[in-house]
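Novice: Could you have a look at this structure, given as structure tokens, before my questions?
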Amino acid sequence: MEITRCAWVNEDPLYIAYHDEEWGKPLYDDRKLFELLMLEGMQAGLSWYTVLKKRAHYREVFDGFDPEKIVHYDEPKIAELMNDPGIIRNRLKIDSIIRNAKVYLQISAETGSFSDYLWSFVGGAPTLNHWKTRADVPASTAQSDAMSKALKKRGMKFVGSTICYAFMQASGMVDDHSLDCFCRSSPGMAER
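The opening residue of the sequence shown carries number 155 in our numbering; numbering runs sequentially from there.
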């Protein structure tokens, strides 16, 4: 029996596994959400597929995306990262992860949970969308606009509304699996 997936998935087993096992599944772990948001920012100007192929190496060189460690990165560490062909060697993007780790720690200290803070932008529960075609899926929404504005106000970088919406899709805050995709959530979720 042939399985129907979202049209954006290519034939690479890595991409198929990402779609089938991760994309659109509700994610609540603070550190994993931080990692995903940072990687979505690395995608700016590129494709998610490009970042996904580098994700394992990113995890290695960014200490498992541990904000407590990242905030202490100094110039020698940044130089090391800038010379690493296994990541996207963009100084602004590297600096943004360090800056964003500081903001993550501030949000966590103030609110007790980075996850609760981010999920508040969708009312704390996933939204099930009903887009008929891939072209109907928006690049941003009022919720991603609000998330982006709030994160930028706190000092985060590479968190524009389009990046935030891609993050919301990937983390399961919204379910944008196509109507015929086998991963699509069942009714009962908040619907839009």
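Just so you know, even glycine gets a beta-carbon here, dropped at the ideal spot from N, CA and C. The structure displayed is predicted, hence computed values, not measured ones.
Along the alpha helix (DSSP H) that carries M196, what are the first and last residues, could you check?
Specialist: Note, M196: alpha helix (DSSP H), 184-196.
Novice: Can you look up D329 in the DSSP assignment and give me helix, strand or coil?
Specialist: Strand.
Novice: Hey, is the segment 267-278 in contact with the segment 230-241, meaning 3+ C-beta pairs nearer than 8 Å?
Specialist: With the cut-off at 8 Å, the segment 267-278 and the segment 230-241 do not touch.
Novice: In the DSSP assignment, find the unbroken alpha helix (DSSP H) run with S302 in it and report its ends.
Specialist: First-last of the alpha helix (DSSP H) with S302: 296-307.
Novice: Do D299 and S315 count as a contact pair if the criterion is CB distance below 7 Å?
Specialist: A contact, by the Cβ cut-off of 7 Å.
Novice: Considering just the uninterrupted stretch of the alpha helix (DSSP H) at S339, what are its terminal residues?
Specialist: Here S339 belongs to no alpha helix (DSSP H), and DSSP marks it neither H nor E.
Novice: What's the C-alpha gap between G309 and M192?
Specialist: Going by the C-alpha atoms only, they are around 14 Å apart.
Novice: Between which residues of its own chain and S262 is the CB-CB distance below 6 Å, once the five residues before and five after are set aside?
Specialist: Only F268 meet the Cβ criterion.
Novice: Whose C-beta lies closer than 8 Å to the C-beta of P180 among residues of the same chain, with five residues either side of it excluded?
Specialist: Taken in chain order, the residues that qualify are P280, S325, G326, M327.
Novice: Measure the alpha-carbon distance for S339 versus A210 and round it to whole angstroms.
Specialist: Their Cα atoms are separated by approximately 28 Å.
Novice: Using three-state DSSP, classify I251 as helix, strand or coil.
Specialist: Three-state DSSP puts I251 in a helix.
Novice: From P341 to L282, what does the alpha carbon distance come to, in whole angstroms?
Specialist: Residue placement at P341 is poorly supported in this model, since its pLDDT is 49, which falls under 50; the coordinates still yield a value, given next. Taking the straight line from one Cα to the other gives about 8 Å.
Novice: Excluding five sequence neighbours on each side, which residues of the same chain lie with their C-beta closer than 8 Å to the C-beta of A161?
Specialist: Excluding sequence neighbours, A161 sits near R288, S332.
Novice: How would you call M196, buried or exposed, if buried means at least 16 neighbouring beta carbons within 10 angstroms?
Specialist: The residue is buried, with at least 16 neighbouring Cβ atoms inside 10 Å.
Novice: Can you find the residues in the same chain that come closer than 7 Å, C-beta to C-beta, to F188, ignoring five residues on each side of it along the sequence?
Specialist: Within the same chain, F188 has close Cβ partners F219, P221, Y258, F268.
Novice: Measure the C-alpha to C-alpha separation of L200 and F321 and round it to an integer number of angstroms.
Specialist: If you take the alpha carbons of L200 and F321, they lie about 15 Å apart.
Novice: In the DSSP assignment, find the alpha helix (DSSP H) that holds R213 and state where it starts and stops.
Specialist: Unbroken alpha helix (DSSP H) run through R213: 202-215.
Novice: Span of the alpha helix (DSSP H) holding W273?
Specialist: Note, W273: alpha helix (DSSP H), 268-273.
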